[in-house]
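Chains A and S, in that order, give the protein sequences. Quick note on this note's numbering: the first sequence kicks off at 1 and runs consecutively. Quick note on this note's numbering: the second sequence kicks off at 270 and runs consecutively. First up is the structure itself, then whatever we jot down about it.
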Amino acid sequence: MKHPNKRVDATTSALAPQGKLSRNVYVVLAVVSFAAVFAVWALITNLGLVNADFMPTPQATVQSAIELFTEQHFLEDIRVSTYRVLMGFLISAVIAVPVGLLVGAYAPVNALIEPLMSFIRYLPATAFIPLFILWIGIDESEKIAVIIMGSLPQLLLMVAVDTQKVPHDLVEVSYTLGTKRSLVLWKVILPASLPYILDSLRMILGWAWTYVVVAEMVGASSGIGYMMIQSERMMVVGNIFVGLLAIGLLGLVFDCLFKLLDKLLFRWK
Amino acid sequence: MKKKASPQGDRSEVLEAKVATSIITASHVEKVFHTKKADVTALKDCSLEVLENEFVCIVGTSGCGKSTLLRMLAGLDTPTGGEIIIKDRPVLGPGPDRGMVFQSYTLFPWMTVEQNIRYGLKEKKLPKEEQDAIVDQYLDTVRLKRFRKAYPKELSGGMKQRVAIARALASKPELLLMDEPFGALDPITKGQMQLFIREIWQKEKPTIAFVTHDIEEAVFLATKIYVMSARPGRVRMEIPVYLPYHRTPDLKETKEFVDLRMQIQELLLTN
Ligand SMILES: Nc1ncnc2c1ncn2[C@@H]1O[C@H](COP(=O)(O)OP(=O)(O)OP(=O)(O)O)[C@@H](O)[C@H]1O
Ligand SMILES: [Mg+2]
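In structure tokens, the structure reads:
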């Protein structure tokens with residue numbers, strides 16, 4: 001072995017499967033990918049390779065953004081959409097997390113709820129929009145209902161799986177230390193699965209954005225989705241791009257918040 | 270009832286133990302696992318006795334039902350036949366009177382070392398000051414004072430098992446059950462841990478039932494060894510260990526030690 005260091009590196013090097021990358025390189029690569037997409041976009045639109053009616057230049061998009069924010073109260077649309085997403089998400093979480101824990105921990109509860117939820121999960125939430133409009137109308141609660149319909153069953157099943165990831169050994173050792181069976185869910189399974197649950201919540205919040213935008217395209221009078229469908233009718237493609245970017249950025253912000261929360265709460269991981 | 274420490278190992282250590290109270294009495298224990306494919310008889314007609322303050326090692330080949338036996342002693346599994354009495358009471362389920370250390374690392378990962386050791390004391394609802402005193406005492410015993418605020422992920426395998434031992438002992442169980450606790454450790458650390466657990470035993474005399482397939486480990490640690498047969502597991506022989514009371518690593522080279530080791534090895538080979 002002439003180069004022992006090299007050999008050791010080989011399995012953890014950035015290019016090996018499951019290899020590691022330094023933080024700085026990571027950030028650089030992430031920025032590069034954003035820049036590349038942006039550059040392609042700027043290039044093909046400015047060179048006139050695509051019809052400007054269908055794809056705006058970055059400059060035109062910025063122009064649209066300025067108009068949206070200053071003249072068409074886009075901030076209000078963002079606020080409304082965010083409110084709907086968060087309400088739908090919170091209501092789903094408040095129900096799905098405790099019930100999911102019970103489904104994951106107790107076989108009878110599992111038998112009662114898991115198969116049913118697995119069925120409901122396959123019904124596309126967006127397919128409920130006509131029904132919800134009939135039942136609830138086109139106000140806020142209808143949008144929130146669509147989000148709940150899409151998020152709750154998924155989240156519940158994910159939380160159930162999360163609790164089942166907790167090694168049974170931990171449960172057993174807690175019994176030998178005097179933990180009562182009725183409290184083991186609270187004292188062992190919940191804290192042990194909390195990081196997984198947080199991650200599931202993060203994923204679900206991402207999906208909630210999809211549902212809100214679709215819900216806002218049907219029978220709505222505000223929200224990012226509403227703005228986008230209106231812009232489509234009036235052929236203002238720049239606005240649609242602003243809407244897309246806004247959703248992407250909001251998603252990124254919430255994702256970062258969740259990752260921050262994860263770092264703060266679970267230093268033990 | 271604490272037994273006097275005799276300076277050298279001799280018959281008296283064992284004979285003295287005979288008058289001590291019985292902690293485990295397992296008679297004709299049977300365990301059949303009903304699986305989809307077939308019924309697996311893990312243990313059959315397995316009987317043994319562990320007395321107060323004894324350090325009993327149970328050796329047997331892989332799959333002979335050692336873990337199954339220990340889990341039943343802990344109350345984590347129920348026998349399909351026979352009877353297990355722990356301190357005059359049949360085992361009805363797991364409880365803090367029987368501490369357990371697993372081969373896999375079972376520290377609560379979200380708790381610091383200190384919180385892990387405190388866990389059982391909190392469950393017992395001991396007053397805070399008493400908890401503090403016991404936690405300090407055991408942090409000292411397992412020499413991890415410097416790591417009291419560390420999380421399990423920051424510890425080496427040997428350190429994790431030391432915390433697990435401290436956590437189990439802190440609840441002052443009548444019986445400490447250990448299932449190959451050093452099985453995942455490297456030979457050097459393993460040797461250190463063996464010295465360490467023997468020291469603890471000499472100091473505090475907890476009653477220990479220790480399962481292992483490492484014969485050397487069993488001979489080094491035990492005051493008495495039970496040798497199990499291959500599946501279905503059954504106790505083949507009870508072997509008292511007449512080795513010096515104070516055990517050091519060089520004991521492993523002595524003739525008495527090697528003879529006993531070979532004797533048990535023979536037994537296991539001629540199943
Ligand atoms: N839950 C179970 N279901 C079915 N069979 C089981 C179960 N647990 C153990 N067994 C079987 O019982 C036998 C004894 O298993 P056990 O784990 O007690 O052995 P062991 O002596 O601890 O082995 P090792 O040294 O490998 O840990 C094995 O044949 C195993 O396959
Ligand atoms: Mg085993």
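Each residue gets a CB set at the ideal place from its N, CA and C atoms; glycine is no exception.
Proximity winner among Gly427/S, Glu535/S and Lys524/S, relative to Tyr511/S (alpha-carbon distances): Taking the second sequence and counting its residues from 1, one reaches residue 511/S at position 242. Check the Cα spacing between Tyr511/S and each of Gly427/S, Glu535/S and Lys524/S: the tightest is with Lys524/S.
Determine, using beta carbons only, whether Met1/A comes closer than 7 Å to chain S. Counting from one through the first sequence, the residue named residue 1/A turns up at place 1. Confidence in Met1/A is poor, its pLDDT being 48 and thus under 50, which makes the residue's placement unreliable; the coordinate value appears in the next sentence. No, no contact with chain S.
Using the Cβ count rule (16 or more neighbours within 10 Å means buried), how would you classify Met506/S? Counting from one through the second sequence, the residue named residue 506/S turns up at place 237. The residue in question, Met506/S, is exposed, as its Cβ has fewer than 16 Cβ neighbours within 10 Å.
Got a sec? Which residues, its chain only, sit under 8 Å from Gly362/S by beta carbon, not counting five neighbours each side? Working through the second sequence from its first residue, we reach residue 362/S at position 93. These residues qualify, in order along the chain: Gly344.
How many angstroms separate the CA atom of Lys165/A from the CA atom of Val488/S? In the first sequence, the residue the question calls residue 165/A occupies position 165. In the second sequence, the residue the question calls residue 488/S occupies position 219. If you take the alpha carbons of Lys165/A and Val488/S, they lie about 38 Å apart.
Under three-state DSSP, which class holds Pro115/A? Residue numbering aside, residue 115/A sits at position 115 when the first sequence is read from its first letter. Helix at Pro115/A.
Do Lys313/S and ligand 2 come close, with the Cβ less than 6 Å from some heavy atom? In the second sequence, residue 313/S corresponds to position 44, counting from 1. No; taking the cut-off as 6 Å, the Cβ of Lys313/S has no heavy atom of ligand 2 nearer than that.
Buried or exposed for Trp379/S, please, with buried defined as at least 16 other CB atoms from any protein chain shown within 10 angstroms of its CB. Stepping through the second sequence from its first residue, residue 379/S is reached at position 110. Classification for Trp379/S: buried.
Min CB distance Tyr388/S to chain A below 7 Å: To locate residue 388/S, count along the second sequence from 1; it is residue 119. Chain A, which has a Cβ nearer than 7 Å to the Cβ of Tyr388/S, makes this yes.
Would Leu529/S and Ile477/S qualify as a contact pair, given that the criterion is a beta-carbon distance under 7 Å? Looking up residue 529/S in the second sequence gives position 260. Looking up residue 477/S in the second sequence gives position 208. No, they are not a contact pair.
Status (buried if at least 16 other CB within 10 Å, exposed otherwise) for Ser221/A: Taking the first residue of the first sequence as 1, we reach residue 221/A at position 221. Counting of Cβ neighbours within 10 angstroms places Ser221/A among the exposed residues, the total staying below 16.
Buried or exposed (CB count within 10 angstroms, at least 16 for buried), Ala107/A: Within the first sequence, the letter at position 107 stands for residue 107/A. Result: exposed.
Could you tell me the distance, in whole angstroms, from the CA atom of Val274/A to the CA atom of Leu260/A? Residue 274/A lies beyond the stretch modelled for chain A, which goes from 1 to 269, so this question has no answer here.
May I ask you to check if the CB of Ser373/S is nearer than 6 Å to at least one heavy atom of ligand 2? By one-based count along the second sequence, residue 373/S stands at place 104. Not under cutoff, so the answer is no.
Comparing the CB of Val309/S with every heavy atom of ligand 1, is any distance shorter than 6 Å? Against the second sequence, residue 309/S aligns to sequence position 40. Because some heavy atom of ligand 1 lies under 6 Å away, the Cβ of Val309/S counts as near it: yes.
Helix, strand or coil for Glu543/S? Go by DSSP, reduced to three states. Residue 543/S is absent from the structure shown; chain S starts at 270 and stops at 540.
Find the residues of chain S that neighbour Glu172/A, judging by a C-beta separation of less than 9 Å, and give them in chain order. Along the first sequence, read from residue 1 onward, the residue named residue 172/A stands at position 172. Proximity of chain S to Glu172/A at the Cβ level (cut-off 9 Å) is accounted for by Arg340, Ala343, Leu345, Pro363, Met369, Phe371 and Thr375, in chain order.
Complete runs of the alpha helix (DSSP H) confined to the region 163 to 212 of chain A [at least 4 residues]: Under the rule that a run must span 4 or more residues, the alpha helix (DSSP H) segments found entirely inside the region 163 to 212 of chain A read 168 to 176.
Can you list, in chain order, the residues of its chain whose CB lies under 6 Å from that of Phe258/A, leaving out five sequence neighbours each side? By 1-based counting over the first sequence, the position of residue 258/A is 258. Once the five neighbours on either side are set aside, the close Cβ partners of Phe258/A are Arg202.
Whole beta strand (DSSP E) runs in the region 360 to 414 of chain S with 3 or more residues, listed along the chain? Runs of the beta strand (DSSP E) spanning 3 or more residues and lying entirely within the region 360 to 414 of chain S occur at 367 to 370, in chain order.
Proximity winner among Val404/S, Leu390/S and Lys305/S, relative to Thr272/A (alpha-carbon distances): Nothing can be reported for residue 272/A, as the shown portion of chain A is limited to 1 through 269.
Could you tell me the distance, in whole angstroms, from the CA atom of Ile148/A to the CA atom of Ala192/A? Position 148 of the first sequence holds residue 148/A. Position 192 of the first sequence holds residue 192/A. About 26 Å.
List, in order along the chain, the chain A residues whose C-beta lies closer than 9 Å to that of Glu525/S? Against the second sequence, residue 525/S aligns to sequence position 256. The premise fails here: Glu525/S is roughly 35 Å from chain A at the closest Cβ pair, so nothing lies under 9 Å.
Give the interface partners of Leu198/A over in chain S, defined as CB-CB distance under 8 Å, in chain order. Against the first sequence, residue 198/A aligns to sequence position 198. What Leu198/A touches in chain S: nothing, since even the nearest Cβ is about 13 Å away.
Any beta-carbon of chain S closer than 7 Å to the one on Pro17/A? By one-based count along the first sequence, residue 17/A stands at place 17. Output row for Pro17/A: interface = no.
Chain-order list of residues whose beta-carbon lies under 7 Å from that of Ile44/A (same chain, five-residue window excluded): Taking the first residue of the first sequence as 1, we reach residue 44/A at position 44. Hits under 7 Å: Val50.
Here's a check: name, in chain order, each residue in its chain whose Cβ is nearer than 7 Å to the Cβ of Glu485/S, leaving out the five neighbours to either side. Residue mapping note: residue 485/S aligns to position 216 of the second sequence, counting from 1. Exclusion of the five residues before and after Glu485/S leaves Lys521 and Arg530 as the residues of its chain whose Cβ lies within less than 7 Å of its Cβ.
Name the residue from Asp262/A, Val62/A and Pro153/A whose alpha carbon lies nearest to the alpha carbon of Gly243/A. On the first sequence, residue 243/A is found 243 positions in, with the first residue counted as 1. Considering only alpha carbons, the answer is Val62/A.
By the DSSP assignment, the alpha helix (DSSP H) with Phe74/A in it spans what residues? For the purposes of this step, residue 74/A is identified with residue 74 of the first sequence, where counting begins at 1. For Phe74/A, the enclosing alpha helix (DSSP H) covers residues Phe74 to Ala105.
Start and end residues, alpha helix (DSSP H) containing Pro58/A: Reading the first sequence from its first residue, position 58 is the one you call residue 58/A. Element bounds for Pro58/A: Pro58 to Glu71.
First through last residue of the beta strand (DSSP E) which encompasses Gly350/S: By one-based count along the second sequence, residue 350/S stands at place 81. In this chain, the beta strand (DSSP E) harbouring Gly350/S covers Gly350 to Ile355.
Just verifying my parser: in three-state terms, what is the DSSP assignment at Gly19/A? Here residue 19/A refers to the residue found at position 19 of the first sequence. Note: Gly19/A maps to coil in three-state DSSP.
Measuring CA to CA, which of Ala125/A, Asp162/A, Met235/A and Arg233/A is closest to Pro98/A? Within the first sequence, residue 98/A is the residue found at index 98, counting from 1. For the set Ala125/A, Asp162/A, Met235/A and Arg233/A, the Cα lying nearest the Cα of Pro98/A is the one of Asp162/A.
Are the C-beta atoms of Leu177/A and some chain S residue less than 7 Å apart? Here the question's residue 177/A lines up with position 177 in the first sequence. Nearest CB-CB separation between Leu177/A and chain S: below the 7 Å threshold.
Length of the line joining the Cα atoms of Leu537/S and Thr481/S: Position 268 of the second sequence, counting from 1, holds the residue named residue 537/S. Position 212 of the second sequence, counting from 1, holds the residue named residue 481/S. Taking the straight line from one Cα to the other gives about 13 Å.
In chain S, what lies closer than 8 Å to Ala192/A by C-beta? Residue mapping note: residue 192/A aligns to position 192 of the first sequence, counting from 1. Result: Phe377, Pro378 and Trp379.
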